[in-house]
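Just so we're aligned, residue 5 is where the sequence shown starts under my numbering, counting upward by one.
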Amino acid sequence: VTQQIHYTLEAREAEYELLPISVDQGLGVLVWSPLAGGLLSGKYHRDSPTARQLGGWSEPPIRDEDRLWRIVDVLSEIGKA
């Protein structure tokens, strides 16, 4: 038995209940959109429009877009190092 959850560096709420109960009950976990629809792939940057912005696409849900872009900025710096 498995559950599919939304889980990214920006959306980590699953760490509070869903992941612990999965371990406790021996459930598998399938992660949906771990790269936030490509935003965490390194393909997009804060100053360039994304397919999501151009197409009005609302999936995956981004709760705090500014926080997400800060994460992207940090990951970009790590990737350059």
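Backbone N, C-alpha and C fix where the C-beta goes; we use that ideal spot for every residue, glycine too. Values in this document were obtained by computation on a predicted structure and should not be read as measured data.
Considering only their Cβ atoms, is the gap separating Pro38 from Leu31 smaller than 9 angstroms? Against a cut-off of 9 angstroms, the Cβ pair of Pro38 and Leu31 comes out as no contact.
Just to confirm the assignment, what range does the alpha helix (DSSP H) spanning Gly46 have? Run containing Gly46: none; DSSP gives neither H nor E here.
Between which two residues does the alpha helix (DSSP H) harbouring Val35 extend? Element bounds for Val35: not the alpha helix (DSSP H) but the beta strand (DSSP E), 32-36.
CA nearest to the CA of Arg71, picked from Ala15, Leu22, Ile82: Selected option, being the one with the closest Cα: Ala15.
If you measure between the beta carbons of Thr6 and Val33, is that distance less than 9 angstroms? One thing to note: Thr6 has its Cβ within 9 angstroms of the Cβ of Val33.
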